[in-house]
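Single-structure report; data block below.
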């Protein structure tokens, strides 16, 4: 079945440093979504990418969708302590069904103030 | 104004017991889900319902039985609880092809 691999599993940075997490799929994705889960919280939707090569920005966050629509990345510029949490990418299940969104294992970001 | 609400938030119970978690969404979404998040934070889909009909059942043991009385509710009943069932269970909803909205989670601890 379709798998979504995410690296790194953990990332610890000093406040002000940049951070990137990468997501790779074994199959072509119709779209990819990113979620953030704060410690003790629930996953919250950040963004959805649909087009090949798409780049979207949200303030200090930059999201990219690969040309082949098999990989994606989230880059945070100048991290802040509010960025702490686990970042998940997620892709539709086989056949492009969003009834079964498959999540990567997440990247836990910790920020040292 | 909670979009997806689930109860209880915390549940501690003994092995062998039966327990239920309730979920309601007020977003008017057609699709609802149950996800399980284990201690390693891995989010795994358990069930997906669309307009009260079961769409996805991800090889979850028969001890887990979801019930959707209407498209705004999706409850999860678990029989004969085992230690390995300890996890956070998230209810969620969406319109197909769109964002998934998660509830705040139910922390289940089986002792």
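Protein chains in written order, with the working numbering: chain C, 1 to 113; chain E, 1 to 111. Backbone N, C-alpha and C define an ideal beta-carbon position, used for all residues, glycine too.
Compute the beta-carbon to beta-carbon distance between residue i and residue j, rounded to the nearest angstrom, for a pair I have assumed lies under 8 Å.
i: residue 102 of chain E; j: residue 43 of chain C; result: 5 Å
i: residue 79 of chain C; j: residue 108 of chain C; result: Incorrect: roughly 13 Å between the Cβ atoms, too far for contact.
i: residue 106 of chain E; j: residue 89 of chain E; result: 5 Å
i: residue 71 of chain C; j: residue 22 of chain C; result: 7 Å
i: residue 164 of chain C; j: residue 30 of chain C; result: Residue 164 of chain C is absent from the structure shown; chain C starts at 1 and stops at 113.
i: residue 63 of chain C; j: residue 34 of chain C; result: 6 Å
i: residue 92 of chain E; j: residue 35 of chain E; result: 6 Å
i: residue 90 of chain C; j: residue 81 of chain C; result: 25 Å between Cβ atoms; not a contact.
Kindly indicate which three-state DSSP category residue i falls into: helix, strand or coil?
i: residue 154 of chain C; result: There is no way to answer for residue 154 of chain C, as the model of chain C reaches only from 1 to 113.
i: residue 66 of chain C; result: coil
i: residue 59 of chain E; result: coil
i: residue 83 of chain E; result: helix
i: residue 83 of chain C; result: helix
i: residue 45 of chain E; result: strand
i: residue 92 of chain C; result: coil
Enumerate in chain order the residues of its own chain whose CB-to-CB distance from residue i is below 6 Å, with the five nearest sequence positions on each side excluded.
i: residue 52 of chain C; result: 67 and 69
i: residue 60 of chain E; result: 46
i: residue 77 of chain C; result: 18 and 60
Within the same chain, show all residues whose beta-carbon is closer than 7 Å to that of residue i, passing over the 5 residues directly before and after it, in chain order.
i: residue 105 of chain C; result: 6 and 9
i: residue 85 of chain E; result: 78, 108 and 110
Give every residue of the same chain whose Cβ lies closer than 8 Å to the Cβ of residue i, excluding the five residues on either side of it in the sequence, and list them in chain order.
i: residue 36 of chain C; result: 43, 44, 46, 85, 86, 87 and 88
Are three or more beta carbon pairs between the stretch 75–89 of chain E and the stretch 12–28 of chain E nearer than 8 Å?
-> Yes, the stretch 75–89 of chain E is in contact with the stretch 12–28 of chain E.
Three CB pairs or more closer than 8 Å across the stretch 35–50 of chain C and the stretch 7–24 of chain C | no
Listed from N- to C-terminal order along the chain, which residues in the stretch 39–51 of chain E have their beta-carbon within a distance smaller than 7 Å of any beta-carbon of chain B?
-> Looking at the structure shown, chain B is missing, and the protein chains on hand are C and E.
Select from the stretch 41–61 of chain C all residues with a C-beta closer than 8 Å to any C-beta belonging to chain E, and list them in chain order.
-> 41, 42, 43, 44, 45 and 48
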